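Asks: My numbering numbers the first residue of the sequence shown as 138 and each following residue consecutively.
For reference, the structure I am asking about is given below.
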Amino acid sequence: MPHPTQIVSALADPARLALYARVVHAGSDGVPAEEARAGGSRERKRLARLADAGLVREDGDRVVADPAVFATALEEHRPIDRDPVDSLFHGGRLTALPARRELRRGVFERVTGRFFAPGVKYTEKQVNAALLSCCDDPSSMHRHLVDEGYLTRNDEGSVYRVPGA
């Protein structure tokens, strides 16, 4: 089955699009194959490109549209389910802190895992510098990570670390 981009590419040419429109407009009977090929080698190439993309097919002496190609291509080329946290980052930077607790936790886990290693002690300056590289409000993120237990700090508030390490 063709990839959706192959289908779109086949329809991107105005002459192929016009040919496809003629076939679709003819309904389930299609158009006579001779008529679809009339116009020489260019028209035959256009028809072949539409057929390669699965948009039309020859049915005896007729050329008919195959509308199922769209649904089939989308189903077969459905994107792999992505981690919803991925959509909250653009270019490695957090674009929004979600309201949903489950997603917020995912963001906090991602940030903690990306910037802080278990067993390593960090100063407040190091924590803020790391967070500045991924979000516009590092102080707020810093507070969230501590409040939610992703980072702990010593009693003086000068040393931070990933808990359990």
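Glycine included, every Cβ here is placed at the ideal spot set by N, Cα and C.
Keep in mind the model is a prediction, meaning the values are calculated, not measured.
Counting only the same chain and skipping the five closest in sequence on each side, list residues whose C-beta sits under 7 Å from that of A190.
Replies: Closer than 7 Å at the Cβ level, and outside the excluded window around A190, lie P139, Q143, I144 and A147.
Asks: Give the DSSP-derived three-state secondary structure of L288 in the structure shown.
Replies: In the structure shown, L288 sits in coil (DSSP, three-state: anything other than H, G, I, E or B).
Asks: According to the neighbour-count rule (16 or more other Cβ atoms, all chains shown, within 10 Å of its Cβ), is V257 buried or exposed?
Replies: V257 is exposed by the Cβ-count criterion.
Asks: Give a yes or no on contact between the region 199-210 and the region 228-239, applying the rule of three or more CB pairs nearer than 8 Å.
Replies: They do not touch, by the three-pair rule.
Asks: Fully enclosed by the region 162-240, which alpha helix (DSSP H) runs are 4 residues long or longer?
Replies: Fully enclosed alpha helix (DSSP H) runs of 4 or longer: 170-174, 178-189 and 205-213.
Asks: Cβ of V283 within 8 Å of Cβ of R290?
Replies: Result yes, Cβ atoms of V283 and R290 sit closer than 8 Å.
Asks: Excluding the five sequence neighbours on either side, which residues of its own chain have a C-beta within less than 7 Å of the C-beta of R241, listed in chain order?
Replies: Excluding sequence neighbours, R241 sits near L234 and P235.
Asks: Tell me the rounded alpha-carbon separation between L211 and D203.
Replies: For L211 and D203, the distance between alpha carbons rounds to 14 Å.
Asks: Please state whether the Cβ-Cβ distance between V161 and A173 is less than 8 Å.
Replies: The answer is no: Cβ separation not under 8 Å.
Asks: What separation, rounded to the nearest whole angstrom, lies between the Cα atoms of D220 and F253?
Replies: About 21 Å.
Asks: In terms of residue numbering, what span does the alpha helix (DSSP H) encompassing V145 cover?
Replies: P141 to A149 is the span of the alpha helix (DSSP H), which, as asked, contains V145.
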